[in-house]
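Residue numbers for the sequence shown follow the UniProt record's numbering, beginning at 1 and rising by one.
Even glycine gets a Cβ: it sits at the ideal position worked out from N, Cα and C.
In what follows, a structure is listed as structure tokens, so that the remarks can point back to it.
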Amino acid sequence: DPTLEKIQRKYQDVKGGGELLVVELKKGGSGGLGLSLAGNKNRTRMSVFVCGIHPQGQAAKDARIHIADEVLEVNGVVMYGRCHLNASAIIKSLPGPAYKFILLRREDALEEMAVKPLTQYPVQVEEVTPDERYSNFRGVKTVTVKKGPHGLGIMIIEGRHAEAGQGIFISDIQESSAAYQAGLEVGDMILSVNQTDLVGADYDSAAQLLKQTEGTITMVVAKPVGGLVPLLKKKSASIETQEPSRTLASNRKSTGTTLSHCSTKSVPLPRRSSPNGRPLPSPPAPRGDMTHHHLDQQQHGVHDSTAGSPVSEVIKPGKETTIEITKEKLGLGLSIVGGSDTPLGAVIIHEVYPDGAAAMDGRLRPGDQILEVNTEDLREACHEAAIGALRQTSSVVRMVVFREEEPHQDVFTVDLHKKAGRGLGLSIVGRHNAPGVFISEVVRGGVAQLDGRLCQGDQILEVNGHDLTSASQEHAAALLKTTLGRINLKVSRLRRAASQRSTIAVSKSDSAANGTMLVTLERGVEGLGFSIVGGAGSPHGDLPIYVKTVFDSGAAARDGRLRRGDTLLAVNGHSLEGLTHQEAVELLRDARGMVVLTVLPASDSAS
């Protein structure tokens, strides 16, 4: 089977001693798909495991999917390396009449699952009412809303509630809109839309679902006590200008207020599961449109100690420094960006809040890289793992940090063309206690995403020469909405920390025993800086992928090891064997941040 062979090649590096399976299930049926998903107990690894199979669902009737199978791909969308909560929402939003699963079955997978397999389910899925399904939530009610030509009239945000957990919350409602008249309120948590569960869903999947629904919509919402723990004082402002029928809200307001108020006292809660069996993250780390997290606001104090100890050690640029911060009545007071799964490739402090322990301590700054927290290594940690480590800190936080000697910002310009009636495909957000406007979301399919150079966390410094370094979020949003034609953006981006580069980069003498070498390139705004030729099905037959040209400027030229005629064997561990030229181009184009190439030098390949 050519398709199976292609899948085997694609996932040969993650397969190990396991078995790859392809399972196709038709949509529909009273029991639905009938799968519950869980993550990996190791917080530094993102995995999507099957932890439950409902006996009346399609998966149970088909009987080919087993507990602890790892989901690698569904309908061509890669799930490997994703958070299981995001994967669940993505799977539910996939179009088409069927689901095509690519699964990995391994003997030791059961031990890696974050939760035990589910064993109890409702007797009849269709008999489970919203009140029963969402009995763990407060103030549950079902609301019917008729969607008009101007949408529902709501603005949503992804966040975490200290009691209800992660989910989608209403952050703004347009007066006299359909949602307003139906009785929806700011702070309501949306549990489901037309029976599609949104508990634990991310912003993208919820927004897509709400955009796609038409006519009369049935929503189940809850009213959690205490409200959201705020992430940023300002809400994200959408600068999309699509047709009214495709927007979530028209004439959105951006008031700069928090979603709601809550106590600064934090009460630890036990880990809880959603009604469908998927574990929810431990509260209370909040989250907005931007991938920033306002870490626990609990306690702060001041140590008196001798100079040179972690309590008083000065952070010196260019070297790793161990520090200790004690929390008593306030909290750490940090927001972070980055992680191994982001273009930054490292965990970077985005903001130090003035009322937190870090600000009172006075040593940490925006741009500092966090390498370790209480002996937990964050050098290769993904964003969610870093959040988990920082959230679970004790009263004394011991951190290893790194500060750049050189400026830690890259400044570059991006030209985009905006047509009338369409947006740039960006959302922006302001900072909590400082000026500046940042990109909180690059909308899939928009102008900015297709251009490929902008990413979450970038600061917009100028728009067509208009200085935004001290501008408010509202002013920047208005400027971006009203500007048409060619738009020149001046952008600043946090640079990957030098210590991160040193842990990944491979020296010229490093090579594998089989004659291959690993070349690690940091993708910049100009790309990787080389072109390729060859591939399966080329005019000259099935050929390997060769380096055709190394451009004079670019990451490859600066690195100096890649040469014309070198054979590319793999990209970030994904084998290029058997791929067509176009497939190889797409794999290289999609690779972000640090890109690891497995290369057979031309002198070796010629022999």
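Going by DSSP, I67 is part of no alpha helix (DSSP H) at all; its letter is neither H nor E.
Of A477, D368, S335 and L576, the smallest CA-CA separation from L390 is found for S335. Only exposed fits R558, as fewer than 16 other CB atoms lie within 10 angstroms of its CB. When the beta-carbon positions are compared, T516 and L569 come within less than 8 Å of each other. If you keep only unbroken alpha helix (DSSP H) runs of at least 4 residues inside the UniProt domain "PDZ" (142–225), you get 178–181 and 203–212. One Cα belongs to L94, the other to L424, and the distance between them is close to 24 Å.
The straight-line gap separating the alpha-carbon atoms of G485 and K418 is approximately 5 Å. Following the DSSP letters along the chain, one finds E526 in no alpha helix (DSSP H), marked with neither H nor E.
For I387, the enclosing alpha helix (DSSP H) has its first and last residue at H383 to R391. For T321, the enclosing beta strand (DSSP E) has its first and last residue at E320 to T326. Rounded to whole angstroms, L332 and F438 show a C-alpha spacing of 22 Å.
About 15 Å separates the Cβ atoms of P310 and R403, ruling out a contact at the 8 Å cut-off. Taking a 10 Å sphere around the C-beta of E522, we find 16 or more other C-beta atoms and assign the residue as buried.
D410 has R493 as its beta-bridge partners, per DSSP. Just so you know, the alpha carbons of D108 and S538 end up roughly 41 Å apart.
The beta carbons of V140 and L184 sit about 13 Å from each other, so the pair does not count as a contact at 8 Å. Nearest Cα to E175 within the set E158, I168 and G153: G153.
Rounded to the nearest whole angstrom, the CA to CA distance from G81 to V48 is 8 Å. Relative to L198, the option among M219, E214, A182 and Q8 whose CA is nearest is M219. Counting only the Cα atoms, R422 lies some 31 Å from V221. Contact between Y99 and K6 does not hold, since the beta-carbon distance rounds to 19 Å and is not under 8 Å. Contact check for V463 and I487: beta-carbon distance about 7 Å, within the 8 Å limit, so the pair qualifies.
Taking each of R105, V352 and S205 in turn and checking the Cα distance to P366, the smallest one comes out for V352. The beta carbons of V337 and G524 sit about 18 Å from each other, so the pair does not count as a contact at 8 Å. Taken in chain order, the unbroken stretches of beta strand (DSSP E) that lie wholly in the UniProt domain "PDZ" (413–495) and span 3 residues or more are 426–430, 437–442, 459–463 and 485–494. N42 sits exposed, since fewer than 16 C-beta atoms from the chains shown fall within 10 Å of its C-beta.
The C-alpha of G534 lies about 25 Å from the C-alpha of G593.
Straight through space, the alpha carbons of G151 and T213 are spaced by roughly 10 Å.
Collapsing the DSSP output to three states places L110 in a helix.
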